[in-house]
Every structure is written in structure tokens, then in C-alpha cells.
Amino acid sequence: MHDKILILDFGSQVTQLIARRIRDSHVYSEIHPYDVDEAFIRDFAPKGIILSGGPNSVTEGGSPRAPQAVFDLGVPVLGICYGMQTMAEQLGGKVVLGNVREFGYAEVRAHNHTSFLNGIEDFQTAEGHGMLKVWMSHGDKVSDMPVGFKLMASTPACPIAAMADDERHFYGLQWHPEVTHTVQGRAMLDRFVLELCGARPDWEMGHYVDEAVEKIRAQVGDEHVILGLSGGVDSSVAAALLHRAIGAQLTCVFVDHGLLRLNEAEQVMTTFADHLGVKVIHVDASEVFLSKLAGVTDPEAKRKIIGAEFVEVFQTEANKLKDAKWLAQGTIYPDVIESAGKGKKGHTIKSHHNVGGLPETLNLKLLEPLRELFKDEVRELGVKLGLPPAMVYRHPFPGPGLGVRILGEVKREFADLLRHADAIFIETLRNTFDKESGKSWYELTSQAFAVFLPVKSVGVMGDGRTYEYVVALRAVQTLDFMTAQWAHLPHELLGHVSNRIINEVRGINRVVYDISGKPPATIEWE
Ligand code: XMP
1 MHDKILILDF GSQVTQLIAR RIRDSHVYSE IHPYDVDEAF IRDFAPKGII
51 LSGGPNSVTE GGSPRAPQAV FDLGVPVLGI CYGMQTMAEQ LGGKVVLGNV
101 REFGYAEVRA HNHTSFLNGI EDFQTAEGHG MLKVWMSHGD KVSDMPVGFK
151 LMASTPACPI AAMADDERHF YGLQWHPEVT HTVQGRAMLD RFVLELCGAR
201 PDWEMGHYVD EAVEKIRAQV GDEHVILGLS GGVDSSVAAA LLHRAIGAQL
251 TCVFVDHGLL RLNEAEQVMT TFADHLGVKV IHVDASEVFL SKLAGVTDPE
301 AKRKIIGAEF VEVFQTEANK LKDAKWLAQG TIYPDVIESA GKGKKGHTIK
351 SHHNVGGLPE TLNLKLLEPL RELFKDEVRE LGVKLGLPPA MVYRHPFPGP
401 GLGVRILGEV KREFADLLRH ADAIFIETLR NTFDKESGKS WYELTSQAFA
451 VFLPVKSVGV MGDGRTYEYV VALRAVQTLD FMTAQWAHLP HELLGHVSNR
501 IINEVRGINR VVYDISGKPP ATIEWE
């Protein structure tokens, strides 16, 4: 059993970061909605509780409150932003509507000596006051602390910027320690979790392998499991983990829709079937997919066709495996949190994922071996399981594949041209290093790919005039894929890629670079 920190989510955009930071310090933490019942909190047996920020105002009637059990359990509690405000209100203090919003960078002055901030500071003023550089985002503020609390920090705009009750180990911060702009954020969370809660830092992917293997074995027994392997990170790591746990009881079905990247199908088969010895059924369904897509130009219609056909092909294969009792999926923790946040309790299926809808129709039990893990943990686990780092750290690739990167109608001829151009772009990104950071441009971008434009433009080659297709290059940098900026790739790199594509890919005579941010553009072109 790991020591656990419970994070109650009041709806902040950055709640997930709290859990990630704590897990970075090797302590297991989970996020649950603020309105879980008291019995759940007691059964969870946390070593400490964190109340997240949120968009509401404590001063509004009916705004969210923490369950009373949070304060009765006798464990340390940390309220962040809204979490601090509701803590103040619930324990007998007062919160007022702010007339000035404080948003962004702030310098707060630490007061009195509290075990929370003791020894943590960024600099000292001439008068010798300890100062902290933090990130704030709030309108309301605590105007009266509850009995038992003392002032921990302040700013001119927010006289009670942090408060502490060292007897009960209740702490409130108006700033966000979970964002990296709060310079000592890591030290603050470590102080709370490791020292004040006394949680054991035993959450580590190297050890997690054994724990997960045992859990899977206990759950599955001697029954058989099917997994849809796509070549993406999540399904690949799930396959490697299940294989480690149950070996030959696992059968992977790899549906090749003909819209994969260059040599991708071969790479999947080499890694899993040849190297790891996983049982993989490779279904080459490209003919069927392409024939269903013929004449279809609308992006959503293409997605629906690809998704439905995927289910069809997968189901046909799964039905052949008479012994299978389980369907495994690469659901990861953010999928679980997001669907719980939307009020859908229980098991979840990636909404955009191709295998959505399979469990009911196949009558299989659902197995989700990665549902406790964040993406970085999934990657770390993949490496521990012996998957090639290049596969584990690959940029994300959409389920419908090149189907949404060939604008308009999808044809095999277009897919072949695009695969070739895309491979040149990616190879160049991998082989070109930024002098300052020493990292490759592949590492410095979050997602990069080529897009096929079904328009012809005029060119000259040798003595002749050409009339051929256009390829657009897209490279973005982002943390969450919700917003993204176009990557400022070096001009020499772009020039090199353009030359190679035009010289090597017959049928392309023009290359353009996409300089649109998201929003308003999306990352994919369709
Ligand atoms: P957009 O284009 O919406 O993409 O800015 C955000 C991220 O989602 C990926 N994406 C998809 N992934 N099926 C998927 O599995 C899809 O239909 C799909 N559409 C977009 C996209 O590659 C990017 O990482």
C-alpha cells in the first residue's frame, strides 16, 4: 500500500498539475471531485488532503464546499486559492469579493515562522524580510482568518495571502504552488507532502512494474485478454505491461488502416512480435478502409467512417478469439479525471479513440492497466518495460492517421506521397540539433507532420514545366494540446526539408510552412 494524498478538485484548470508535481516527488496522489462522500474520504485513508483552486466565488450562495470529514480526519490539509478560501469560510473565517483581480506574477512577503514556509524563500528585502516569487490568479480574498490560524504571507493587494494553523496542520495559500512560475512551488509541495504529511516517497515506475504485474495477474487469473494495438504510446505500453504480466494469455490485434506513417506497421510488428514475443494479429485492412473512404471529402464524415470501420474489423478479429474474456485499453489517468469531472462516473473510454464502443458489443470485461498513470509515467514505464525510447517518446498521432492529413478525398496515391514527405520532415527534425539547448528539433517540438494539399501548382524542373501537388509542414509547441504555438524552426532546416521533398518525392513540387497558432487554427488541418 502506498501512502496517498487526496486532491479534491474544485474545478481549476491546473488541478492535474498538483497531482503531477506530487507524483514527481514520488508520492502517490489521486484527484477526485470535491463532492465525494465522507465515507469515500475515510476509506481512501489519505496522509494529507489538498483542496484545489476553482472558478467559483465562496461568497456566492450554493458555491462548493469541502466535505466536513476533510477537517475532522486529523490529517494535514492544504487549501490552494479557492481551496484556501473555502477552508477559511468553513472554519469560521471570512472571505470578501475582491474589487481588484490579482493575476500573474507577484512577490509575497513571508510572515512569522510557520513550519510550512520555514527556510523557503527566493530573496530577502533590505530590511531582511523573506520574499517569495509566486503566481496568483484570484479576485476574492480571505479578510478574516479562522480562530487558531496565523498570518503566513501577504502582498499589498492581498494582506492574507497565506495562513497557517500549525497545531492542526491546516494551511492555505492564495497563490498556486503547482505552476512552475511559483519558483519555490516544488519546495512548498514537498514540505507539505513529505514533511508535514509524512508521506513515504515510494511511487516509482521501476517498482510499479511489479505491483502492476501482480494486480493484473490477480484480476485476470488464467483468462485471456485482447488488446487493440495502434502503435501509439498508450496501447504500446499497455501491451508491454500485459505481456510481462500474462504472457501468452494476451493477444493483440493491430488493425492497419493503410493511413499509418512510413514503415510504421513493420516497426510495430518488429517491436512487439519479433523482439518482445507478443502474440500480435496484424490485419491489413487498407483496401477496405480506402474503398469506404472513396469520394468522401468531409472531415467529420471521414473520421466517422474510419472509426466505424475500425470497430468492424476489430470486432471480426475479436470474435475469432473464442477464449477472450477481457478487452484491455490504454486509458490513462487524465482520461479518467476528465470523464469523472464531466459527471460521468465509472469506467471511461477515450471519446476520440478508435476502440470506443467495443466493450458492450463484445461482451468483454474491461481491463485498463494504465488508468492510474499520467502520460509521463506511462512513458517512463514503457522504457522500464524495454520499449524503444524512440517509440515511447514519439509525437502523438491521431487515430484516423493520415486520413485527416490528406485534405479532402483520401487516395492511396496521396497517402504514399504524404508518407514519404512526412518521413523526410521527421528524419530532419530528429537529426538537426539546436545549438543552445543541445536538443533535437524533434524533441523541441510537441507535434510535427506533413499535410497533403490536393491542389496543383506550377513549377519548373530542368527544362520542363511541372504541375504538381503541394505539401504543408506543420510543427507546434504546446504543453496540453489545447493551445499551441507554431514552432520557429530554423530557416536552414526548413530549406533542407523543402529541397529534399521536392527532389525525392515525385508528384510534389512545392512545400509551404504553416505559421498559424491554436487558437484560432487547430493543430491538424482537418
Ligand atoms: P487539434 O487538431 O484539434 O488536435 O488541434 C489536438 C490534438 O488531438 C489530435 N487529434 C486527434 N486524435 N483522433 C485522435 O486520436 C482524432 O480524430 C484527432 N483529431 C485531432 C491531434 O493530432 C493533436 O495532437
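Under UniProt numbering, think of the first position of the sequence shown as 1, with each following residue one higher. Each residue gets a CB set at the ideal place from its N, CA and C atoms; glycine is no exception.
Would you identify the three-state DSSP class for residue i, choosing helix, strand or coil?
i	result
Ile80	strand
Gly11	coil
His282	strand
Gln267	helix
Arg65	coil
Gly307	helix
Pro520	coil
Arg217	helix
Asn509	strand
Thr348	For Thr348, the predicted structure reports a pLDDT of 35, less than 50, and the residue's modelled location is therefore unreliable. The matter cannot be settled from this model.
His353	Summary for His353: the model assigns pLDDT 42, below 50, so the residue's position carries little reliability, and this model does not support an answer.
Arg430	helix
Glu300	helix
Asp514	coil
Glu526	coil
Thr466	strand
Ser437	coil
Gln124	strand
Gly48	strand
Gly382	helix
Lys150	strand
Gly371	Strictly speaking, residue 371 in this sequence is Arg, with Gly absent from that position. Arg371: coil per DSSP, three-state reduction.
Leu73	coil
Met1	coil
Can residue i be considered in contact with the ligand XMP, in the sense that its beta carbon sits closer than 7 Å to one or more heavy atoms?
i	result
Gln477	no
Arg303	yes
Thr251	no
Pro398	yes
Glu413	no
Lys375	no
Glu309	no
Thr445	no
Phe452	no
Val404	yes
Ile523	yes
Lys518	yes
Phe481	yes
In the DSSP output, which residue or residues are listed as bridge partners for residue i?
i	result
Met87	Met87 is not bridged to any residue.
Arg474	Phe449
Gly231	Answer by DSSP bridge pairing: none, since Gly231 is not bridged.
Trp135	Tyr105
Glu30	Leu6
Gln485	Gln477
Cys252	Leu227 and Val280
Tyr171	Leu78 and Ala164
Ser457	Glu468
Lys141	Val96
Trp326	Val225 and Lys365
Ile406	Phe452
Ala110	Ala153
Gly130	Gln124
Relative to the C-alpha of residue i, which candidate in the options has its C-alpha closest?
i	options	result
Lys518	Asp422, Ala487 and Asp35	Ala487
Trp135	Gln184, Thr522 and Met87	Gln184
Ser29	Gly62, Arg200, Pro67 and Ser230	Arg200
Gly403	Ala301, Ser25 and Arg217	Ala301
Leu241	Tyr208, Glu468 and Ala265	Tyr208
Met1	Ala415, Leu293, Phe44 and Arg419	Phe44
Ala19	Glu309, Glu372 and Pro520	Glu372
Leu479	Pro396, Leu8 and Val75	Pro396
Arg23	Val378, Thr114 and Phe123	Val378
Lys94	Lys141, Val336, Asp514 and Val511	Lys141
Phe272	Thr297, Arg244 and Val296	Arg244
Say whether chain B places a C-beta atom closer than 8 Å to the C-beta of residue i.
i	result
Phe192	The chain labelled as chain B is not found in the depicted structure, where only one protein chain is given.
Okay, do the stretch 103-113 and the stretch 141-148 touch, 3+ Cβ pairs below 8 Å being the bar? no
Contact between the stretch 169-177 and the stretch 117-137: three or more CB pairs below 8 Å? yes
Would you call the stretch 188-196 and the stretch 288-305 touching, i.e. three or more CB-CB distances under 8 Å? no
With three or more C-beta pairs closer than 8 Å as the rule, is the stretch 244-255 touching the stretch 272-281? yes
With a cut-off of 8 Å, do at least 3 Cβ pairs link the stretch 257-274 to the stretch 399-415? yes
Is it true that the stretch 225-233 meets the stretch 315-332, where meeting means three or more beta-carbon pairs spaced less than 8 Å apart? yes
Do the stretch 430-440 and the stretch 449-462 meet, that is, are 3 or more Cβ pairs less than 8 Å apart? no
Using 8 Å as the Cβ pair cut-off and three pairs as the minimum, do the stretch 79-87 and the stretch 53-62 touch? yes
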